[in-house]
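Asks: Okay, handing you the structure first.
Numbering (this note's numbering), first residue to last: 86 to 263.
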């Protein structure tokens, strides 16, 4: 069942059972709408031209696709998207449109945030899928910052989302052996 933005509880994300590397998942995921302009297909679905992180010829070590992130608002997804694109490019990975065929892996992200003990924590999970939608690997973690009451996303700085992007791509690259 698809999860709407803002409806993922920390226990659903951080406590999700890990998937062994190389083990297929039991299902596939629906393909969301068109890509978000100016980012590697991470925000809310919109109708726009596909975006691709470009690399000099001969330096591409792989192609990946990002599905729209579930659970995080646009103000959090924007710095995440930019940093993911930069990290992918630095590792020789080209980002292709979510709606384009091909690519070695599809990354589908689930995010939630919560306030507790004076901190705001972002919980994240990336499912690494093959082109048929089978889960091959799971990347998960959490990052915290000083927080307050109210909407937890309101106290998340861009730097925290950039750290999540850097760590996520480092974990993906390590899994791939890049």
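By construction, the Cβ of each residue, glycine as well, lies at the ideal position given by its N, Cα and C atoms.
1) When the Cα atoms are used, what is the spatial distance from residue 197 to residue 208?
2) Around the Cβ of residue 187, are there at least 16 other Cβ atoms within 10 angstroms (buried) or fewer (exposed)?
3) For the putative contact between residue 161 and residue 241, defined by C-beta atoms under 8 Å, what is the C-beta separation to the nearest angstrom?
4) Rounding to the nearest angstrom, what Cα-Cα distance links residue 221 and residue 211 in this structure?
5) Where does residue 191 fall in DSSP's three states?
6) Looking at residue 189: is its Cβ nearer than 8 Å to the Cβ of residue 148?
7) Considering only C-alpha positions, which residue in the set 176, 200, 166 and 182 is nearest to residue 256?
8) Going by the beta-carbon positions, is the gap between residue 173 and residue 254 smaller than 8 Å?
9) Looking at the structure shown, is residue 244 part of a helix, part of a strand, or coil, going by DSSP?
10) Per DSSP, which one or two residues make a beta bridge with residue 162?
11) Give the DSSP-derived three-state secondary structure of residue 256 in the structure shown.
12) Taking its Cβ as the centre, do 16 or more other Cβ atoms sit within 10 Å of residue 168, making it buried, or is it exposed?
13) Could you give the C-beta distance for residue 181 and residue 170, rounded to a whole number, given that I count them as a contact under 8 Å?
Replies: In terms of the structure at hand:
1) If you number the chain shown from 1, residue 197 lands on position 112. If you number the chain shown from 1, residue 208 lands on position 123. Taking the straight line joining both Cα atoms gives about 5 Å.
2) As a position in the chain shown, residue 187 is number 102, starting the count at 1. Exposed is the label assigned to residue 187, since fewer than 16 other Cβ atoms lie within 10 Å of its Cβ.
3) As a working mapping, residue 161 is identified with position 76 in the chain shown. As a working mapping, residue 241 is identified with position 156 in the chain shown. Their Cβ separation, rounded to whole angstroms, is 6 Å, which keeps residue 161 and residue 241 in contact under 8 Å.
4) In the chain shown, residue 221 corresponds to position 136, counting from 1. In the chain shown, residue 211 corresponds to position 126, counting from 1. Rounded to the nearest angstrom, the two C-alpha atoms are 11 Å apart.
5) To locate residue 191, count along the chain shown from 1; it is residue 106. DSSP places residue 191 within a strand segment (E or B) once states are collapsed to three.
6) On the chain shown, position 104 is the one that residue 189 refers to. On the chain shown, position 63 is the one that residue 148 refers to. Their beta carbons are under 8 Å apart, which means residue 189 touches residue 148 by this criterion.
7) As a first step, residue 256 is located in the chain shown; it is residue number 171 there, counting from the start. For residue 256, the nearest C-alpha among the options comes from 176.
8) Position 88 of the chain shown, counting from 1, holds the residue named residue 173. Position 169 of the chain shown, counting from 1, holds the residue named residue 254. Yes, the Cβ-Cβ distance between residue 173 and residue 254 is below 8 Å.
9) Position 159 of the chain shown, counted from the first residue, corresponds to residue 244. If DSSP states are grouped into helix, strand and coil, residue 244 belongs with the helices.
10) On the chain shown, position 77 is the one that residue 162 refers to. Under the DSSP definition of a beta bridge, residue 162 lacks any partner.
11) Counting from one through the chain shown, the residue named residue 256 turns up at place 171. Residue 256 falls in the helix class under three-state DSSP.
12) By 1-based counting over the chain shown, the position of residue 168 is 83. Residue 168 is buried by the Cβ-count criterion.
13) To locate residue 181, count along the chain shown from 1; it is residue 96. To locate residue 170, count along the chain shown from 1; it is residue 85. About 12 Å; that fails the 8 Å criterion.
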